[in-house]
Amino acid sequence: MEEINRDSFIRNVSFPPPEGFKQRANIKSFEEYQSLYRESIQSPETFWSKIADELHWFSPWTSVLDESDPPFYKWFLNAKTNIAYNCLDRHLEDHENKTAIMFEGELGDTCSWTYMQVFQETCKFANTLLSLGLRKGDRVAIYMPLVPEAVFAMLACARIGAVHNVIFGGFAAESIRSRILDSTAKMVITSDGGYRRGKVLHLKDIVDEAVHGCDCVEKVLVVRRSQTELLPCQMTEGRDFWYHEVSSNKSSSHEAERMDSEDLLFMLYTSGTTGKPKGIVHSTAGYMIGTYLTTKYIFDIHDEDVYWCTADIGWITGHSYVVYGPMLNRATIFIYEGAPNYPNEGRFWELIEKHKVSVFYTAPTAIRTFMRWGDDWLTRRDLSSLRLLGSVGEPINPEAWMWYHNVVGQQKCPIVDTWWQTETGAIMISPLPGVTTCKPGTATLPFFGVDPVILTEEGEETDYGWLAIRKPWPSMLRGIYGNPERFKQGYFGHWEGKYYYTSDGAMKDSEGYYYIIGRLDDIVNVSGHRISTAELEGVLIEDPVVVEAAVIGVHHEIKGQGLVGFLIIKEGSDGQSLVQRLNELVGNKIGRFSLLDKIVFVPELPKTRSGKIMRRLLRDIAEKRELGNITTLADPNVIEAIAKQFKDS
Ligand code: WTA
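Counting from 1 along the sequence shown, just add 3 to a position and that's the residue number in this note's numbering.
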């Protein structure tokens, strides 16, 4: 690992939890945290079975953890449960009238559902899926805007045991297609459209392009976004069905499928170090317990809270902390469909004021964007309902943390900086808001059951190096769909399989607080979205004039990281029109959220004698640093030419 100035990470300011918050918190004292944490590490089986008792099981487990075939760990063996039952049915007896979902569309349309109503809608959705031939174990792709029906669709899949594969609405047809094919999805659930930044997104058209020639897809179910108008879309006879038509005579009760603890709950594709995204799979019981417990203690859910996580359901944060975690805790969740700057930059603050949001969870990139838009948008609003703030997706820089604390939180809201991954299923390192003294820029301490360690490449414990996790935990991924070997090698192939490899670098201070430095692999974190440089390079070289491509992530003020591509092109190609063409290619193949910030045409790429591209040197050039060690470079002269091209472009 490259050496860094460690002192620059450590902050001397610290913020203990506000007294008022502490008194009402679900965990009130640091001693309580320590003793529960100790138990969770020393006697995980006792600890987790006590937690599991807070949820509903159709039949109990015979043992808590099976470690006989690492890294294929199993939790809550032979038990039967259902996460949708635990999110809905379990709350009906005493809380059927509690508001479950409050929704606002980008155009300002609002509606809300009680837990009873969400239960009924989900059952109706489940019966509709069954009537269309979907069965337990079938894979279903969901490509929808952020509307309550997307939540019903997810819960309905979980209810009947179908494995959902939610695909972020920003992905282009080709990315959708590869996810559908890899998961052999039998059905796609989509919508006629959605609203974003004042535009209509024609999702169904994109799905039509994506499923063209996908033999596995038998049916496409189309939910209408608006009750008052249908957005125009082409319906293919025999394959496409309107949800409102098929569901109209379906019952709003349904008995949840009895799922085995280890039955797959969902899969979610995420970028890996190769060009091919990997389908991370999560199982039923472990994921349920992990998201339940983290939400309860980290977001400190109380009955009167209005909880808003701004993530899209297409990402893991949307799964764990828009849908499952909060609903397992009977929270009132708020969902907003649209962009933060529609119709103006004050929309989020207006929403918080109007819906009296009390717990707000967003990403550092959003916080930095709000800072740039200016405090005026907030100061004219009453944000006094807020009591807790959260951050996720990338390291939060201390300036953004301080602004979040001072301007959004009015110095009275604890901030939980939560570190975790698609693979971990639930939050792993985070403050507990009533207990942990926070310092800007650190995710602080491990959550229950999480045993992190920082290692050198050789596997020695250290305080600056590779972040690894020592023990299995319930919500951990159960594998990569269809590729057990890649799972084993990628996550447990280091240090003789003794640790889960996170791909993140981290540092620990004298109080044991963890500072996450960022990815050590070729994943770039753009606005909190994981993007694989290999996947981008694969797309760029599809253009006939591109001979070779190297994409790197560089520091970006707002997005955290931006993307720069260094390309060798055939002689005589016209650079300017090519930039536009290449960006169109990336937009059409992956999605517009992966566009490159800068494309530089170079005569050569810096390579080692064995032909490996030295991306580190490209990063040094792009971030205008002094060049690191260049002795392994095959031809040191290329550097100057690349640096000149970078400056001129
Ligand atoms: C990064 C998102 C620093 C990290 C939940 C990780 C963070 C990757 C934080 C996973 C944080 C996430 N501080 N870095 N609080 N949270 N990351 O799978 O590099 O989309 O490996 O899951 O985001 O991204 P993913």
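Glycine residues also receive a C-beta, built at the ideal position from the N, C-alpha and C atoms. Nothing here was measured: the structure is a model prediction, and the numbers come from that model.
If you compare the alpha carbons of Leu-588, Tyr-516, Lys-511 and Glu-499 with that of Glu-538, the shortest gap goes to Leu-588. Secondary structure of Trp-51 (DSSP, three-state): helix.
The criterion of a C-beta distance shorter than 8 Å is not satisfied by Pro-436 and Asp-308. Taking C-beta atoms under 8 Å as the contact rule, Lys-127 and Lys-253 qualify, at a distance of about 5 Å. Val-226 and Tyr-246 do touch by the CB rule: their CB atoms are close to 4 Å apart, below 8 Å.
Under the rule that a run must span 4 or more residues, the alpha helix (DSSP H) segments found entirely inside the stretch 517–602 read 536–543 and 578–592. For Trp-469, the Cβ stays outside the 7 Å cut-off from all heavy atoms of ligand 1. If you draw a straight line from the Cα of Leu-110 to the Cα of Leu-234, it is about 15 Å long.
Considering only Gly-556, Gly-590, Val-603 and His-559, the residue with the shortest C-alpha distance to Asp-577 is Val-603.
Only residues of its own chain outside the window of five on either side were considered, and among them Leu-95, Glu-99 and Asn-100 have a CB closer than 8 Å to the CB of Met-119, listed in chain order. Within 7 Å of the C-beta of Trp-376 there is not a single heavy atom belonging to ligand 1. It is roughly 30 Å from the alpha-carbon of Asp-56 to the alpha-carbon of Ile-338. Judged by beta-carbon spacing, Trp-376 lies beyond the 8 Å limit of Glu-340, meaning their Cβ atoms are not closer than that value. In the three-state reduction of the DSSP assignment, Val-143 falls in the strand class, which pools E and B. Per DSSP, the continuous beta strand (DSSP E) segment holding Pro-455 begins and ends at 455–458.
Judged by DSSP in its simplified three-state form, Asn-168 adopts strand. Within the stretch 88–152, the runs of alpha helix (DSSP H) at least 4 residues long that lie entirely inside it are, in chain order, 92–98 and 118–134.
Ala-644 is classed as exposed because its beta carbon has fewer than 16 other beta carbons within 10 Å across all chains shown. The C-alpha of Ser-597 lies about 15 Å from the C-alpha of Trp-318.
Ser-478 counts as buried, since no fewer than 16 other beta carbons sit within 10 angstroms of its beta carbon.
The alpha-carbon of Cys-441 is positioned some 6 Å away from that of Ser-17. The residue from Lys-501, Gly-393 and Glu-356 with its alpha-carbon nearest to that of Pro-367 is Gly-393. Non-local beta-carbon contacts of Asp-243 in its own chain, meaning distances under 7 Å to residues more than five positions away in sequence, involve Val-223 and Val-225 in chain order. Taking 3 residues as the minimum length, the beta strand (DSSP E) runs contained wholly in the stretch 302–327 are 309–312, in order along the chain. In the displayed model, Thr-294 falls within a helix according to three-state DSSP.
Judged by DSSP in its simplified three-state form, Phe-155 adopts helix.
Just so you know, the alpha carbons of Ser-361 and Gly-396 end up roughly 21 Å apart. Taking C-alpha positions only, Glu-42 is separated from Pro-449 by approximately 13 Å. Proximity to Val-191 across Ile-170, Val-203, Asp-651 and Lys-592 peaks at Ile-170, based on C-alpha coordinates.
When the beta-carbon positions are compared, Ala-429 and Trp-423 come within less than 8 Å of each other. Put simply, of Ile-86, Glu-499, Ser-613 and His-532 the residue whose alpha carbon is nearest the alpha carbon of His-285 is Ile-86. For Arg-619 and Ala-165, the gap between their C-alpha atoms comes out near 43 Å. Less than 8 Å divides the Cβ of Val-438 from the Cβ of Phe-33. Shown here, His-285 sits in a strand according to DSSP, grouped into three states. Annotated three-state conformation of Ala-471 is strand, per DSSP.
In this structure, Leu-621 lies near Ala-553, with their beta-carbon atoms less than 8 Å apart.
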